[in-house]
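Before any comments, here is the structure.
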Amino acid sequence: MTAARPEISLPSGFTWGAATAAYQIEGAAAEDGRTPSIWDTYSRTPGKVRNGDTGDIAADHYHRFRDDVALMADLGLNAYRFSISWPRVQPTGRGPAVERGLDFYRALADELLEKGITPVATLYHWDLPQDLEDVGGWPARDTAERFADYTALVADALGDRISTWTTLNEPWCAAFLGYGSGVHAPGRTEPAAALKAAHHLNLAHGKAIGVLRDRLPSAAQTSITLNLHQVRPLTESAADLDAARRIDAVGNRVFTGPLLRGAYPDDLLADTAHLVDWDALVHDGDLAEISRPIDLLGINYYTPTLVSGSDGTSDAKAPRNDGHGRSDHSPWPGSEEVVFHLPPGETTAMGWAIDPTGLYDLLRDVSRDHPRLPLLVTENGAAVDDYVDPTGAVNDPERIAYLDGHLRAVHRAIADGVDVRGYFLWSLMDNFEWAHGYSKRFGTVYVDYASQRRIPKASAHWYADVIRRNGLLPQA
Ligand code: PNW
């Protein structure tokens, strides 16, 4: 943080966006026919979410979306990434759509289009209808069929106004935090179920891509968003390199293998063979469906992952904190002995190390392994302990520094030939941060939850400037 950093420009046509997710902002949990999702159930279960917070009201975006879109227009956003709530559109996860639920997304998309903001819709950001969890959830193969049906309803209703679609957000979190460590809904702690969930999420994605391709105009773009782990070994020792390989397998290649190469990696199958019968899990034809071509790959990045082999003294039963929440259960089936370390340097309010080079390395590695696949950074941002100062302003220089550093990493990747088409800041506004409830603020717009007043933070003004000049000014 010494030498002044140069002025830089992003390529013309680069997409500047911000992202949110339905359960984190909408509220209106029981309105217009919406029924509970697994996150409604989980957040009502004592001890699961900090302070007993729920998404019942959240940022009340369901009622305030017009004002929120006006804020986006003030920022100058080119695109807005949001998710569609499955239980709002198809409450039990089966049967016909609820028109009032679809109307909300029609109105949101229209409002965005009117302001010149491209809507980017995610079909699944973790809010599975509770009724589907009650008959097995993602570890049950039928959930992938249900997702395909839901996708068809949404594509038919919204395909005329939304042309960029993402199937799933972070299937790693949905499978391994939801069914492995249990720090996310539905809170199950079954390693085998987590691996089955991962396969059925992959299958759901592939089926949904088929449905979207059949029903959307040919110009529509399809994608999936992964939270790829930028895995680094603590040392170059054989044990640490093997730990990094294992976490890369069950953190990344469990998705990129079938999605982009048409096969699960052999080392993943070997590492987890004692947990699931992969031959029974993966049916003939599944891999062909899962590997249907996509137009873009979305990548969410916050922090790198630093690992070592077990030193023989760590107790697999001890509570672990690998940056993915505290649990007695591992979200890394078959590789429970791997030891996680906090990378060096400053951290955000999440306790996550700030490391823009990790984003550069990740983009470079993905484009090396999967050339010709355009990339989008679909989430990147920082939690800060923001507060309203006596003048009524929210000053978040830490967030500005984080964003500046990571945008420079994106710029450097592009300069080195990586095809990055856009960047979505997480998040447009403060919201329900899952197991952390409202205690963590990721927004560039502050939300006063008592009054629902929105206050653009200093970073929002900074980001608006970045968008206006399509680049960054020198920063100390
Ligand atoms: C992502 N982890 O969540 C999500 O897509 C957002 O909904 C979320 O608000 C944002 O990142 C900030 O957390 C993650 O423990 C949650 O590895 C947890 C983890 C990663 C991503």
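Those letters in the sequence shown? Residues 2 to 477, per the numbering used here, in order. For each residue, glycine too, the CB sits at the ideal point set by N, CA and C.
> In chain order, which continuous runs of the alpha helix (DSSP H) of length 4 or greater are located wholly inside the segment 374-402?
Replying inline: none
> Are the CB atoms of I248 and V308 nearer to each other than 9 Å?
Replying inline: In this structure, I248 lies near V308, with their beta-carbon atoms less than 9 Å apart.
>> At a threshold of 8 Å, does L377 count as lining ligand 3 (C-beta to nearest heavy atom)?
In response: Absence of ligand 3 is noted for the structure shown, with ligand 1 being the only ligands found.
> If you check the beta carbons only, do L260 and P334 fall under 9 Å apart?
Replying inline: no
>> Let's test the definition: count the other Cβ atoms within 10 Å of the Cβ of A19 and tell me whether it reaches 16, buried, or not, exposed.
In response: With 16 or more neighbouring CB atoms inside 10 Å of its own CB, A19 falls in the buried class.
> How should P12 be labelled, buried or exposed, when 16 other C-beta atoms within 10 angstroms of its C-beta is the threshold for buried?
Replying inline: exposed
>> Threshold first: 3 residues or longer. Then list the beta strand (DSSP E) segments lying entirely within the segment 96-139, N to C.
In response: 119-125
>> Is the beta carbon of V385 closer than 9 Å to that of T349?
In response: yes
>> In the DSSP output, which residue or residues are listed as bridge partners for F425?
In response: G18
> Quick one: does T55 have its CB under 9 Å from some CB of chain C?
Replying inline: The displayed structure is made up of one protein chain only, and chain C is not part of it.
>> Quick check: the Cα distance between P234 and A281, rounded to an integer number of angstroms?
In response: 33 Å
> Quick one, which of S84, Y81, G263 and E100 has its alpha-carbon nearest V34's?
Replying inline: It is worth fixing the name first, because residue 34 is Gly in this sequence and not Val. Of S84, Y81, G263 and E100, the residue nearest in Cα terms is E100.
> What's the gap between the Cα of T306 and the Cα of G299?
Replying inline: 19 Å
> According to DSSP, which residues form a beta bridge with I456?
Replying inline: Y447
> On the premise that I295 lies in contact with T223, defined as a C-beta separation below 8 Å, what is that separation, rounded to the nearest angstrom?
Replying inline: 5 Å
> Counting pairs of Cβ atoms below 8 Å between the segment 34-45 and the segment 175-189, do you hit three or more?
Replying inline: yes
>> Judging by CA-CA distance, which residue of A461, M430, L374 and A153 is the nearest neighbour of G418?
In response: L374
> Looking at F105 and ligand 1, is the gap between the Cβ and the nearest heavy atom below 8 Å?
Replying inline: For ligand 1, not one heavy atom lies less than 8 Å from the Cβ of F105.
> By Cβ distance below 7 Å, which residues in the same chain neighbour D390 in space, the five residues on each side in sequence not counted?
Replying inline: N396
> Using 8 Å as the threshold, is the segment 108-119 in touch with the segment 171-178, meaning 3 or more CB pairs across them?
Replying inline: no
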